[in-house]
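K.L.:
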Amino acid sequence: MTHHDMSGFDPRASFGKDVSERYDAEETRGDEEQTAAFLAGLAAGRPALEFAVGTGRVALPLSRTGVRVDGIEQSPDMVARMREKPDGDRIEVTMGDMSRAATGRTYGLVYLVFNTIGNVLTQDGQVRCFENAARHLARDGVFVLECRVPTAPSRPGHQFVDPAHIDVDAVGLDVCRYDPVTQILDKNHVRISADGVVFDPIRLRLAHPPEFDLMARIAGLRLRERWAGWEGEPFTADAWRHVSVYEHRPAR
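Going left to right, the sequence shown walks through residues 1 to 252 as full-length UniProt numbering numbers them.
#1: Taking the alpha helix (DSSP H) that T35 falls in, what are its first and last residues?
#2: Run through DSSP, which three-state label would V181 get?
#3: Using the DSSP secondary-structure output, state which residues sit across from H165 in a beta bridge.
#4: Is it true that the stretch 57–74 meets the stretch 95–102, where meeting means three or more beta-carbon pairs spaced less than 8 Å apart?
#5: Identify, in the order they occur along the chain, each residue of the same chain with its Cβ nearer than 7 Å to the Cβ of F212, setting aside the five sequence neighbours on each side.
#6: State buried or exposed for H136, treating a residue as buried only when at least 16 other CB atoms are found within 10 Å of its CB.
#7: Identify whether D77 lies in helix, strand or coil by the three-state DSSP scheme.
#8: From which residue to which residue does the alpha helix (DSSP H) around L62 run?
#9: Within 10 angstroms of its Cβ, does M1 collect 16 or more other Cβ (buried), or is it exposed?
#10: Any idea what DSSP makes of L223, helix, strand or coil?
#11: Apply the 10 Å Cβ neighbour rule to S20 and answer buried if 16 or more other Cβ atoms are within range, or exposed otherwise.
#12: Do the stretch 125–143 and the stretch 160–176 touch if we need at least three Cβ pairs shorter than 8 Å?
#13: Can you find a heavy atom of the ligand ZN that lies under 8 Å from the Cβ of F114?
#14: The beta strand (DSSP E) that contains F51, what's its start and end?
#15: So what does DSSP say about V188, is it helix, strand or coil?
#16: Return the Cβ separation of R64 and D87 in integer angstroms, given the expectation that the two are a contact with Cβ distance under 8 Å.
#17: Please give me, in chain order, every unbroken run of the alpha helix (DSSP H) with length at least 4 that falls completely inside the stretch 78–138.
#18: Rounding to the nearest angstrom, what Cα-Cα distance links R46 and I192 in this structure?
#19: Nearest CA to the CA of D200: which residue from I117, V175 and P210?
#20: To the nearest angstrom, how far is it from the Cα of E84 to the Cα of I91?
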């Protein structure tokens with residue numbers, strides 16, 4: 001890692017054994033049941049495919065609604081963590097890159113949640129995710145993308161520090177630098193406590209909803225509806241995230 005950026009960061013290695021073991025404690029958001037209910041409604045009894053299925057945070061509650069869920073995932077450690085959970089052997093996983101790997105099936109629902117498309121660090125790669133989703137969709141299927149609306153500041157130097165949490169004996173700081181040319185946010189979550197200092201870096205390519213809509217068009221899809229959350233909240237200028245539902249464009 002250089003003084004100037006996180007160019008040594010490899011997203012493929014960023015979800016290894018250490019991260020997989022603490023992922024659920026740190027990344028479970030409490031909206032998993034609402035997410036599963038929303039997705040089950042769109043699946044309407046048909047099989048679903050999750051890109052970047054991870055530890056099964058969403059796939060497992062969705063499968064418990066009666067939907068058959070397959071996954072694509074490139075981290076064997078994350079999948080191993082899912083296999084340890086109740087019903088964790090229920091999800092059939094294809095190992096590989098979600099922008100290219102194929103399961104050999106089509107689905108009524110493909111979904112990619114929790115800002116994970118940002119882990120793909122180029123526009124071309126993100127377009128390939130849409131194209132791969134379209135290839136896996138039945139003609140009347142839908143692709144659901146959940147992602148945070150970017151708020152990277154335009155401050156000089158595009159650098160900022162956000163206090164993530166402040167405890168009596170520890171603080172967590174998100175130390176960030178945003179490059180508006182590449183749209184890449186370098187973020188290092190730093191935890192400082194009596195036990196020492198822990199670094200947890202991540203790189204994300206940020207895109208706004210209209211850019212995703214154009215990616216969808218390139219992939220032969222179109223936006224059907226967009227919400228601000230999993231309970232159908234209206235998407236407004238104040239929304240911090242979007243849940244976007246894409247469908248095949250009709251043949252002309």
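In this text, a Cβ means the ideal position worked out from N, Cα and C, and glycines have one as well.
On a predicted model such as this, the values are computed, not experimentally measured, just so you know.
P.N.:
With the given structure in hand:
#1: That run of the alpha helix (DSSP H) goes E32 to A43.
#2: In this structure, V181 counts as coil in the three-state DSSP scheme.
#3: BP columns for H165 point to G172.
#4: Between the stretch 57–74 and the stretch 95–102, the count of Cβ pairs shorter than 8 Å is three or higher; the stretches touch.
#5: Answer for F212: L145 and S244, listed in chain order.
#6: Classification for H136: buried.
#7: Reduced to three states, the DSSP call for D77 is helix.
#8: Per DSSP, L62 belongs to the alpha helix (DSSP H) from A59 to S63.
#9: Confidence is the limiting factor: at M1 the pLDDT is only 34, short of 50, which leaves the residue's position unreliable and the question unanswerable from this model.
#10: In this structure, L223 counts as strand in the three-state DSSP scheme.
#11: Its pLDDT being 48, under 50, S20 is placed unreliably in this model, and the value from its coordinates should be taken loosely. Under this definition S20 is a buried residue.
#12: These segments do not touch.
#13: In the structure shown, the ligand ZN is absent, as is every other ligand, since no ligand is present at all.
#14: Unbroken beta strand (DSSP E) run through F51: A48 to F51.
#15: Correcting the residue type first, residue 188 is Asn in the shown sequence and not Val. Three-state result, N188: strand.
#16: Between D87 and R64 the Cβ distance is about 7 Å, and since that is below 8 Å, they are a contact.
#17: As far as the stretch 78–138 is concerned, its whole alpha helix (DSSP H) runs of at least 4 residues are 123–136.
#18: Spanning the two alpha carbons is a distance of roughly 47 Å.
#19: In this structure, V175 is the residue among I117, V175 and P210 with its C-alpha nearest to the C-alpha of D200.
#20: Distance between the alpha carbons of E84 and I91 is about 12 Å.
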